[in-house]
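Numbering (the numbering used here), first residue to last: 25 to 203.
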């Protein structure tokens with residue numbers, strides 16, 4: 025063999041020896057050595073060792089908090105108001121204040137006409153918002169409502185409108201009578 029081939033073989037053998045030594049050294053690092061197990065303390069020991077927080081407030085309440093007796097509220101029941109209206113207006117409010125599950129729908133124009141029949145003035149506020157001002161004879165506040173996109177008041181919107189009219193003006197299904 026030539027000298028060159030022997031030198032290459034010697035290099036190969038030395039590289040092999042280095043790789044083998046490196047691998048053995050890595051195996052020694054990754055071998056698992058378990059830690060010495062500590063004696064676990066019982067829960068009683070841990071409870072005794074736990075630090076107690078010092079109380080900064082006195083044991084008894086300084087001030088006795090008692091509810092003041094409320095005098096019974098006296099409510100004067102007003103006689104239910106009855107408003108005489110046209111048949112078409114009564115039909116609108118009958119649908120609006122209906123308690124049945126199969127409620128109908130009310131056209132927005134019919135709703136506006138019914139309130140106009142009661143003396144309300146309609147003031148458009150822009151877009152789909154309208155304010156209904158009560159007549160001067162009533163000392164009630166105006167109510168602002170949004171016209172539905174389909175121009176039909178139906179479903180849950182009927183309930184919302186009825187609840188708002190009831191809250192502001194005290195109206196219900198028995199309020200309106202046909203003249």
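Think of the CB as a built atom: it goes at the ideal place given N, C-alpha and C, for glycine as much as any other residue.
Buried or exposed: where does residue i fall if 16 or more other Cβ atoms within 10 Å of its Cβ makes it buried?
i	result
residue 113	buried
residue 139	buried
residue 30	exposed
residue 144	buried
residue 36	exposed
Shortest alpha-carbon distance to residue i belongs to which of the options?
i	options	result
residue 166	195, 38 and 157	157
residue 171	148, 79 and 119	148
residue 135	68, 79, 108 and 177	177
residue 23	180, 174 and 164	No answer is possible for residue 23: the residues shown for the chain start at 25 and end at 203.
residue 180	127, 201, 107 and 199	127
residue 124	41, 58 and 183	183
Report the CB separation of residue i from residue j in whole angstroms; it is logged as a contact under 8 Å.
i	j	result
residue 154	residue 142	About 15 Å separates the two Cβ atoms, so there is no contact after all.
residue 121	residue 203	So it is not a contact: roughly 18 Å between Cβ atoms.
residue 130	residue 119	5 Å
residue 107	residue 185	Not a contact, Cβ separation roughly 17 Å.
residue 175	residue 132	5 Å
Where do the N-terminal and C-terminal ends of the beta strand (DSSP E) with residue i fall, by residue?
i	result
residue 80	Here residue 80 belongs to no beta strand (DSSP E), and DSSP marks it neither H nor E.
residue 145	145 to 150
If you follow the alpha helix (DSSP H) that residue i is in, where does it begin and where does it stop?
i	result
residue 199	Here residue 199 belongs to no alpha helix (DSSP H), and DSSP marks it neither H nor E.
residue 183	180 to 193
residue 136	132 to 141
residue 73	67 to 73
Should residue i be counted as a contact of the ligand MN given a C-beta to heavy atom distance under 7 Å?
i	result
residue 199	Because no ligand of any kind appears in the structure shown, any question about the ligand MN cannot be addressed here.
Going by the DSSP bridge assignment, what does residue i pair with across the sheet?
i	result
residue 168	155
residue 107	200
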